[in-house]
Every structure is written in structure tokens, then in C-alpha cells.
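As C-alpha cells, the structure follows; a few thoughts come after it.
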DNA sequence: CTTCATAGGCTTACGATGTAAGTCTGTCAA
DNA sequence: TTGACAGACTTACATCGTAAGCCTATGAAG
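Residue numbers (my numbering), protein chains in the order written: chain A, 968 to 1177; chain B, 968 to 1177.
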């Protein structure tokens, strides 16, 4: 099987998924596809191009909103799908929010989003604001969740170590919340849909009362 | 003036502000404070510790919500302040969302947030959700704005180059929006407050109708 | 069948980077 | 006077992206 851009990019995604973005070096990637580092440059302009390529692969996985459908349902599906995809590729969100993404998958993604909102009757400005607010929530929530230091299942027990290591006296409210988690009264988990529905409901109200 | 942790951290913030996170290397920083690279390690455990330190300096700049005050107004002030501070230090948001922040400034910041929301009558779960949703918007919006490839002032004219470089035929809605921007019918700018108020209004409704 | 351009490998080399390990020196307490 | 120690410095190493150039198999042109 000859080397190709597709194979290089797919392998890069696999490596980043398995060992994180930091571990994705040209040498390690080359080794994984059975080649020397410099050979990758026959298929990829440079590392930045490689990163752009793997971002495109990830964006391709996201459900695009259907332009004829009901905007609220379609945008909800789009955002939930984005969140799921980004959780499957924990390195991807960071990359997306720190680069200009102008590949075909990314363009198609924003085009469908704009189309869906416009079709529903939003003005240009409102379309822009809605799209931006929904993406802000999607990226922001995903990054916070990825950054959360414990596995959700073991949050309660981990909280005990956490509380032990940090002087909680000066932080009474944080301390109280940690107590609630430890005692099982509050699971401390956040759902993507909470903020998402707050935004969608707000947008719906603005649409019906222009 | 002798070297100290404070001086190292302050200088690191200045360097990152001026030349970006990528330019913040131990050697460059050392040079800036007039010392050799390894000497920094007398004041900082390693580079990660340095990054944690400068994040703390930034978080310290953010307005903390007042616990007795009206929650909506206080949280709004807190988020707007965070956004402003993060725009002043364009490298900081990335760092905040990719690390566990457990310094005193960060802990004080979350403690005041939890306290303000609890005092207002939110349940533990709602407090957690509200805090998380507001932060998601703050970080997500800021990252998107920082990543936006043009200066807001020159957006309209830059859009022309953009459109020229990308085949717009397959992306009719994106194309149409670009046209609106070029013709001055839509400025294409997003405000932090749009999504923020959507969230705050939604939270207010949930609080009054439990 | 020969020639020769080309695509796509490979090797070598360079300047960053973070930091481990060890050294030197000036200050101050005993 | 001595001796410990804080805080500077030097050297050295592995790892990174990638510039430059080399080598060889393939396949089209003569």
C-alpha cells in the first residue's frame, strides 16, 4: 500500500487520538506509517498543513444542519453532533479554535449553518450572532469538559483528595460544593444541553418577537 | 534589582503579551530579565509552573462577583470583565482552558462565583450549570474572536480578498453573507453580550419558575 | 530498447527548545 | 575564619520542524 496524503492524515488522527497532540511529531508519525520523517513532506506541505488536514477530517464527521428542516431541531443536532465528535478527538477543539479553518469540510459546515438560520427567517445579523453564540458554547463547553481533571464516574471520590490537597478555609463556597459532591447530594456533572437549550430557547423568543 | 519569582512572572506576561505564547521560551525570557536560561529555574519549578504562574496573574485581573449583590448584574460584570482581561492577554484563554488552575486567584474566582449564585437562590446543580454555561460562553467566544483572521475595522475590505481566494460557488449562503458584509449591509461583528444575555435571561427565568 | 524526467523515498545537518547535572561565587551566620 | 547556602553560570542531551540534496524505481518518449 503506497503512502498518500490520505494515509498520512488518517494515521495522524489515529496517533493524536491515541497519544495526544503533543505526541504527534513528524518523526513519530513517520515511524507509524513505516517511513522516515522527511518522506512525509512529499504528501504534506509542512506540519501546519498536516494539522489543517486532520482538522478537516474531524469536521467532516460532524452532522451538518439540513437547510429545509426546522432550524431549532437542526441546530441542536448540529451542536450535539459537534460536541460528540470533538469529545472523540480530544485534541481537535484546541486546534479548531486556534487556526483559520478554510478547508472544504469547514466551509460546507458554516455554509449549511448560515443557510439553515437564514431559511428560518433570521436576519443576517441575527444569523451571525446565533451561529457565533452556539459555536462559543460548543467549543467552550467541550474545552472545559476535556480539561476537567477527573473522570465523571470517580468525581465524588476524587473530590476528597482534591479537598485534602487544597486549603479550603479561604474558599467556603467552593468547599461547600465539594462537600455536596462528596456526600452524593450533587453529582457535579454538567451537560452540554443545558447551555445549548438556554441559547436555543432565547433565539426562538427573539425570532418570534422581532 | 534582584531576580525573583514575581519579576520572572511579570516579565513572562510582558513577553507573551508582546510576542505571543510561542515566543515565550525560557531562553528568551532569561535574556529579557538579563540572566541565563537555567537561572530561571531558581525561581520557577519548570516551564509548566511558569505557565501556571502567569495564568494566575491574569486571573487576578478579573473582577470577582460580589456575593451580596444582585446575581445577574454581578455575573454579567464578572463575565464582561473576564472577556476584557482575556482580550488584553490573547495567549491566556488557551492556557486557562488547557490546564488545571488551582492557584489562589483561580480558587478565589470560582469561590466568589459559586457564592454569588447560591446566595441568589440557585440550587447546587443549577449553580454548577449556570457557572459552567457562562464560562463556556466566555472562553468560547473569546477564543473565536481572537482567532478571527481580520481586524474588525477592516473586515469589509478584507472580505473581498477572502472571497477572491476561496471558490464560493459551492457555498452559496456563506457567499451571500460575504456579499452582505462587502456591501456594508451587515458589519459581520459579534458581541460578547449577545450570547451572555441570552444565557442570563434564561437563567433568570429558571430561577423565578423553579 | 534506450533514455531520461520525475515522484517519492532517504540521509544529513541546523537551529530551536526544555531541562538534568554540575560548577562557581558572594553573602552571612557561627 | 569558616563553612553553608542561595543563586547565578556552563555544559550537554534529547527532541523538534524542516532545508538541502541524494538515490532509485517507474514509466513515457524517442
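Ideal placement from N, C-alpha and C gives every residue a C-beta, glycine not left out.
Unbroken alpha helix (DSSP H) runs of no fewer than 4 residues, entirely contained in the stretch 1020-1061 of chain B, are found at 1038-1055, following chain order. If you look at residue 1081 (chain A), you'll find it in the alpha helix (DSSP H) that goes 1071-1086.
Sequence-ordered contacts of the stretch 1098-1123 of chain B with chain A read 1099, 1100, 1102, 1103, 1104, 1105, 1106, 1107, 1108, 1110, 1111, 1114, 1116 [C-beta pairs closer than 8 Å]. At a Cβ-Cβ threshold of 8 Å, residue 1053 (chain B) and residue 976 (chain B) do not count as neighbours. Within chain B, 1091 have C-beta atoms less than 8 Å from the C-beta of residue 1152 (chain A), given in sequence order. When secondary structure is reduced to three states using DSSP, residue 1133 (chain B) falls in the coil class, being assigned neither helix nor strand. For residue 1050 (chain A), none of the residues of chain B pass the 7 Å Cβ criterion, the least Cβ distance being about 11 Å. In the displayed model, residue 1139 (chain A) falls within a helix according to three-state DSSP. The stretch 1112-1127 of chain B makes no contact with the stretch 1074-1089 of chain B, as fewer than three CB pairs between them are under 8 Å.
Contact note: residue 1019 (chain A) does not reach chain B at a C-beta cutoff of 7 Å; the least C-beta distance is about 14 Å.
Contact between residue 1010 (chain A) and residue 982 (chain A) does not hold, since the beta-carbon distance rounds to 15 Å and is not under 8 Å. Taken atom to atom, the span from the alpha-carbon of residue 1051 (chain A) to that of residue 998 (chain B) is near 44 Å. Bounds of any alpha helix (DSSP H) do not take in residue 1150 (chain A), whose DSSP letter is neither H nor E. Just so you know, the alpha carbons of residue 1072 (chain B) and residue 1095 (chain B) end up roughly 19 Å apart. By the neighbour-count criterion, in which a residue is buried when 16 or more other Cβ atoms sit within 10 angstroms of its Cβ, residue 1152 (chain B) is exposed. The beta-carbon of residue 986 (chain A) is placed no less than 8 Å from the nearest beta-carbon of chain B. Listed in chain order, the non-local C-beta contacts of residue 1171 (chain B) below 8 Å within the same chain comprise 1039, local neighbours out to five positions each way being set aside. For residue 1147 (chain B), at least one C-beta of chain A is nearer than 8 Å to its own C-beta. A Cβ-Cβ contact shorter than 8 Å links residue 1042 (chain B) with residue 1167 (chain B). Taking the CA atoms as reference points, residue 973 (chain B) sits about 39 Å from residue 1017 (chain A).
Taking a C-beta distance under 8 Å as the contact criterion, residue 1007 (chain A) and residue 1064 (chain B) do not qualify as a contact pair. Here residue 978 (chain A) carries a helix assignment [DSSP, helix/strand/coil]. Taking all protein chains shown into account, residue 1139 (chain B) has fewer than 16 neighbouring C-beta atoms within 10 Å of its C-beta and is therefore exposed. Of the candidates B:1031, B:1118, B:1130, the residue whose Cα lies closest to the Cα of residue 1082 (chain B) is B:1031. Exposed is the label assigned to residue 1118 (chain B), since fewer than 16 other Cβ atoms lie within 10 Å of its Cβ. For the set A:1099, A:1160, A:996, A:1129, the Cα lying nearest the Cα of residue 1099 (chain B) is the one of A:1160. For residue 1088 (chain A), no CB of chain B lies under 8 Å from its own CB, so it is not counted at the interface with that chain.
Boundaries of the alpha helix (DSSP H) around residue 1167 (chain B): 1159-1175. Residues of chain B with a Cβ closer than 8 Å to the Cβ of residue 1133 (chain A) are, in chain order, 1069, 1074.
With its beta carbon at least 8 Å from every one in chain B, residue 1175 (chain A) lies outside the interface. Residue 978 (chain B) and residue 1020 (chain B) have their C-alpha atoms spaced approximately 11 Å apart.
For residue 1081 (chain A), the chain B residues whose C-beta falls within less than 7 Å of its own C-beta are 1140, 1141, 1144, listed in chain order.
Taking a Cβ-Cβ cut-off of 7 Å, the neighbours of residue 1157 (chain A) in chain B comprise 1095, 1096, 1099, given in sequence order. Note that the C-beta distance between residue 1116 (chain A) and residue 1067 (chain B) is below 8 Å.
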